[in-house]
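Throughout the sequence shown, residue numbering follows this note's numbering, covering 85 to 345 in sequence. Idealized CB from N, CA, C, for every residue including glycine. Remember, it's a predicted structure, so these values are computed and weren't measured experimentally. Each remark here refers to the structure printed beneath this line.
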Amino acid sequence: MAEFFTLENLMTLLVLTALETVLGFDNLLYISIEAKKVPPDRQKYVRRVGIVLAIALRIVLLFVVLKLISAFQDPLFSFDLSPVAAGSVNGHSIIVLLGGLFLLYTALKEIFHMLAAPQFGHGEGTRRAMRSVASAMVWILIMNIVFSFDTVLSAVALTDNFWVMALAIVISGVLMVVMAEQVATFLARNRMYEVLGLFVLLLVGVMLMSEGGHLAHLAFFGYPIEPMAKSTFYFVVIALVIVDIIQGRYQKRLLAEKGDH
């Protein structure tokens, strides 16, 4: 146990906690959006239980990955339909591809619902009540597997100390619990940022699809799929946030000027 408190392990714990928190924000955003589909008095419960499930699942998956990491990376099957398509698919790529596909579907469905809802408040409230807590928890659990797989593999890449990785996951989970209510409150008070959140979720889906395609060594017409760089993803997200903030303030200024006239 004394080896745990070495400077190297403590520095790794700090870096890994920060990394797990950043990577976990996508998961937190999805949990917040999914929780809004249940009755209002159960939303806080769904958010908290969803995050606890995420923490538990990451620790379990961490143990499984450490024991069976080669099984996830070994090819399951290959295909060659030259010159149209080719690839070598493994377990990791299937999980990431399916997760990305589901996020794309979820984000697009929510965006189209926003555009189609005749009465924003009333229509949304009706739709939320139609989803049960159990149904929301099932979808949160499924998507936790996708998000957890990515964060666990990132942890394994930084250290081979199980306790360092497990503690980093727990600490980042506690931070997610704290941020969950703040994210939910912010979205409730600033409804226009829901659209921004959905487009961030859409970008996460695109990033996962590109990463899954790269892991599966997919190539179409001789062009291999390259993964979206994390730096590119964060740059696009920051740009979206800045544009949304500026546009919101400019719109308020225009409304104020119209009110004066």
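Report task. From the DSSP output, in three-state form, read off Ser-172 for me. Result -> The residue labelled residue 172 in the question sits at position 88 within the sequence shown. DSSP places Ser-172 in strand when its eight states are reduced to three.
Query raised in the report: Opposite Tyr-307 in the DSSP bridges: which residues?
Result: Sequence index remark: in the sequence shown, residue 307 carries index 223 (1-based). In the DSSP output, where bridge partners are listed per residue, Tyr-307 has Phe-304.
Requested in this report: State the Cα-Cα distance for the pair Ala-213 and Val-122, rounded to the nearest angstrom.
Outcome: In the sequence shown, counting from the first residue as 1, residue 213 sits at position 129. In the sequence shown, counting from the first residue as 1, residue 122 sits at position 38. Note on Ala-213: pLDDT 45, under 50, position unreliable in the model; the coordinate value appears next. Looking at the two C-alpha atoms, the distance is approximately 5 angstroms.
Requested in this report: Compute the distance between the beta-carbons of Ala-264 and Leu-112, then report whether it is under 9 angstroms.
Outcome: The residue labelled residue 264 in the question sits at position 180 within the sequence shown. The residue labelled residue 112 in the question sits at position 28 within the sequence shown. Against a cut-off of 9 angstroms, the Cβ pair of Leu-112 and Ala-264 comes out as a contact.
Query raised in the report: Does the segment 186 to 198 touch the segment 94 to 103, meaning 3 or more C-beta pairs lie closer than 8 angstroms?
Result: no
Report task. Have a look at Pro-159 and Tyr-189 and give me their C-alpha separation to the nearest angstrom. Result -> If you number the sequence shown from 1, residue 159 lands on position 75. If you number the sequence shown from 1, residue 189 lands on position 105. Straight-line Cα distance between these residues: approximately 27 angstroms.
Query raised in the report: Taking contact to mean at least 3 C-beta pairs separated by less than 8 angstroms, is the segment 170 to 177 in contact with the segment 288 to 308?
Result: yes
Query raised in the report: Hey, quick one: how far does the beta strand (DSSP E) through Ser-162 stretch, first residue to last?
Result: Looking up residue 162 in the sequence shown gives position 78. Its beta strand (DSSP E) spans residues 159 to 165.
Query raised in the report: In the structure shown, what three-state DSSP assignment does Pro-124 receive?
Result: What you label residue 124 is simply residue 40 of the sequence shown in a count that begins at 1. Residue state, collapsed to three classes: helix.
Query raised in the report: Any chance the segment 303 to 322 sits against the segment 219 to 232, with 3 or more Cβ pairs inside 8 angstroms?
Result: no
Requested in this report: Verify whether the separation of the beta carbon atoms of Arg-142 and Val-279 is less than 9 angstroms.
Outcome: Counting from 1 along the sequence shown, the entry for residue 142 is found at position 58. Counting from 1 along the sequence shown, the entry for residue 279 is found at position 195. It is not a contact, given that the beta carbons lie outside the stated cut-off.
Query raised in the report: Going along the chain, which residues of its own chain have a beta-carbon closer than 6 angstroms to the beta-carbon of Ser-256, five neighbours each way excluded?
Result: Position 172 of the sequence shown, counting from 1, holds the residue named residue 256. For Ser-256, where only same-chain residues beyond five positions count, the Cβ hits under 6 angstroms are Thr-101, Glu-104, Thr-105 and Gly-108.
Query raised in the report: Quick one: is His-197 buried, meaning 16 or more other Cβ sit within 10 Å of its Cβ, or exposed?
Result: Within the sequence shown, numbered from 1, the residue matching residue 197 stands at position 113. So His-197 counts as exposed.
Query - Closest Cα partner of Phe-270 within the set Lys-120, Phe-163, Ile-330 and Trp-223 - result: If you number the sequence shown from 1, residue 270 lands on position 186. Nearest C-alpha to Phe-270: Lys-120.
Query raised in the report: Quick one, which of Thr-96, Phe-283, Arg-132 and Ala-252 has its alpha-carbon nearest Leu-187's?
Result: As a first step, residue 187 must be located in the sequence shown, where it is residue number 103. Ranking Thr-96, Phe-283, Arg-132 and Ala-252 by Cα distance to Leu-187 puts Phe-283 first.
Requested in this report: Count the other CB atoms, across all protein chains shown, that sit within 10 Å of the CB of His-206; report buried if there are 16 or more and exposed otherwise.
Outcome: Mapped onto the sequence shown, residue 206 falls at position 122. Confidence in His-206 is poor, its pLDDT being 47 and thus under 50, which makes the residue's placement too unreliable to answer from.
Query - Completely contained alpha helix (DSSP H) runs for the segment 251 to 276, where each covers 4 or more residues - result: none
Query raised in the report: According to the Cβ coordinates, are Met-227 and Gly-175 closer than 9 angstroms?
Result: Position 143 of the sequence shown, counting from 1, holds the residue named residue 227. Position 91 of the sequence shown, counting from 1, holds the residue named residue 175. Not a contact, by the Cβ cut-off of 9 angstroms.
**Report entry** Close Cβ partners of Thr-296 (< 7 angstroms) along its chain, the five nearest in sequence each way excluded
**Finding:** Counted from its first residue, the sequence shown places residue 296 at position 212. Strictly speaking, residue 296 in this sequence is Gly, with Thr absent from that position. Result list for Gly-296: Ser-177, Val-180, Leu-181 and Gly-184, in chain order.
**Report entry** Top-ranked residue by Cα proximity to Val-136, from Ile-115, Val-321, Leu-324 and Phe-156
**Finding:** Counting from one through the sequence shown, the residue named residue 136 turns up at place 52. Comparing Cα positions, the closest option is Ile-115.
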